[in-house]
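Our numbering runs 17 ahead of the 1-based position in the sequence shown.
Ideal placement from N, C-alpha and C gives every residue a C-beta, glycine not left out.
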Amino acid sequence: MGCQKLYLESMETLACTATVLACSLRADGNFDVETDRTPLFPEGGGQRSDTGTMNGARILHCREENGTVLHQVEKQFVPGDVVQIEVDAQTRRLHTQQHTGEHLLSFAYRQLFGAENIGFHMSETQVTIDLDRMLTDAQIAEGEAYANELVWSDRAVRVYTVDASAMQAMPLRKKNERLTGAVRIVEMEGGEMCTCCGTHFTHTAPVGLIKVLEHARYKQGCRVVFVCGALALRWFADENSELRRTAAQLSAKPDGVFDAVCRKEAQLAALQAELRQQGAQLAALYAEKLLAESTASSDGRRITAVLPAGFDVCRAAAEALCRADDVLALLLCTEGGRWRYVCMAGEHCPEDCRKVAGALRTAFGAKGGGSEKAAQGSLTYDGAPARLEEQMREVLTNGSF
Ligand SMILES: [Zn+2]
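Shown next as structure tokens:
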């Protein structure tokens with residue numbers, strides 16, 4: 018018996034009464050309902066499925082299977098039920114804006130630059146077409162302008178069927194060679210003509226606007242991302258709101274956001290350079306003080322300290338200390354809520370930093386390691402810093418590593 022596909026016959030039919038032919042339970046708890054006719058477009062040819070209602074129950078999705086349309090409905094029906102089916106008009110219009118817009122944009126890139134459309138996908142938020150060649154930014158913009166001219170000059174759109182045998186003689190942009198029998202043709206005044214099973218307006222103006230968002234290399238050609246009509250408005254509203262929020266945060270005008278961010282970046286780089294320089298000065302001062310306080314013994318100087326500074330300063334101070342070639346330095350600080358240590362040995366210091374790391378592992382469960390001349394890691398310790406410093410001194414002076 019099959020299903021009469023009203024969406025192929027008339028672009029304006031958004032409701033009908035129909036008879037239920039079959040109904041089966043789906044794994045997700047909804048029902049697949051087959052009817053003798055439907056105004057709902059099922060997902061296909063790149064276009065998203067319509068949504069709607071069946072006697073008021075939500076139709077969440079439609080798919081075509083073996084020539085019939087299966088409606089995914091929240092409610093169970095029985096064969097013989099006469100139902101009222103309605104399409105969500107706004108969703109249909111949004112999908113149709115994308116599809117008619119897609120035809121015009123694809124036509125523009127072919128007409129202007131000989132680029133063929135080899136893929137089309139519509140998601141909830143954007144549409145993509147894949148072209149068989151890479152286009153420049155300027156070409157992308159030129160095609161966008163060309164397609165919008167076709168929208169704003171409100172060209173007529175005709176949908177009709179021909180026998181597949183007649184296709185060869187027609188100037189079709191895209192044709193499915195496998196089609197036989199009656200083939201549906203969508204023709205737009207201005208030159209666009211191709212085989213298509215999707216929904217279209219009777220004129221191009223309701224597309225409203227075609228806006229390309231970006232394009233990038235894809236396989237041998239490029240992928241063009243765009244939005245049309247209501248989706249374009251939504252994009253503009255979202256991005257405009259984000260831009261204004263960002264501008265307010267930067268105390269800049271919306272068209273001055275880029276310059277304001279560049280200024281912030283330059284400020285940040287200057288501050289970071291200043292911070293590095295001050296850190297190096299601080300590390301040198303710590304090293305000078307610790308060296309002055311240290312006492313030399315027969316096996317060199319062993320220096321340990323907890324520094325109220327970041328790890329970079331700790332490391333730099335240890336490096337500075339070890340310029341005195343008999344020093345074994347073990348410096349600690351807290352960073353990110355844990356203790357971090359760095360151990361370094363001067364050129365003629367006989368000790369091995371890996372052994373110090375091993376002793377810290379045994380005594381404190383410390384993690385980390387390194388080489389003979391430098392090791393670093395982290396440990397957890399809940400006591401007072403002065404007590405930790407004392408324990409570190411014991412580790413070093415007892416030579417228990
Ligand atoms: Zn189409």
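DSSP three-state assignment for residue i, whether helix, strand or coil
i	result
G118	helix
Q93	coil
Y303	helix
A270	Note that residue 270 is Lys in the sequence shown, not Ala. If DSSP states are grouped into helix, strand and coil, K270 belongs with coil.
L292	helix
A233	strand
E29	coil
H88	strand
K384	strand
F124	helix
H217	coil
C245	strand
F253	helix
E352	strand
A337	helix
L260	helix
A326	coil
A346	strand
R357	strand
D49	strand
Residue i: CB within 6 Å of a non-hydrogen atom of ligand 1
i	result
G215	yes
Sequence-distant residues of its chain with Cβ nearer than 6 Å to residue i (five each side left out)
i	result
Q115	M139, V144, C245
R172	M205, E206, G207, T221
Q14	The first residue shown for the chain is 18 and the last is 418, placing residue 14 beyond what the model contains.
H120	E209
T318	Note that residue 318 is Arg in the sequence shown, not Thr. Once the five neighbours on either side are set aside, the close Cβ partners of R318 are S311, D343, V344.
V176	V203
Bridge partners - residue i, DSSP secondary structure assignment
i	result
Y177	I202
D147	G136, R240
T312	Answer by DSSP bridge pairing: none, since T312 is not bridged.
M187	DSSP lists no partner for M187.
I76	G69, V90
CB contact check: residue i to chain B, cutoff 7 Å
i	result
V344	The structure shown contains no chain B, having only a single protein chain.
Test item: CB-CB of residue i and residue j under 7 Å
i	j	result
Y24	T216	yes
A335	V359	yes
V37	H88	no
D147	Y235	yes
G327	E368	no
A392	R371	yes
R54	C79	no
T219	V174	yes
V100	A35	yes
P56	V86	no
V90	V168	no
E406	V323	yes
V330	A300	yes
A264	P271	yes
A106	L31	yes
E84	G136	Looking at the sequence provided, one finds Gly at residue 84 rather than Glu. Result no, Cβ atoms of G84 and G136 do not sit closer than 7 Å.
T108	T142	no
I320	L307	yes
G238	R127	no
R65	H112	yes
S395	R357	yes
T197	A181	yes
Cβ neighbours of residue i in the same chain (closer than 7 Å, five flanking residues each side left out)
i	result
E81	P59, G61
C339	A346, M361, A362, G363
N193	T212
V179	V200, I202
G387	C370, R371, A374, Q393
N47	L77, Q89, V90, E91
Close beta carbons around residue i, own chain, < 8 Å, minus the five adjacent residues each side
i	result
L122	I146, G160, E161, A164, I227, V229, V241, F243
E389	A362, D369, C370, R371
Q21	D53, R54, T55
A297	A333
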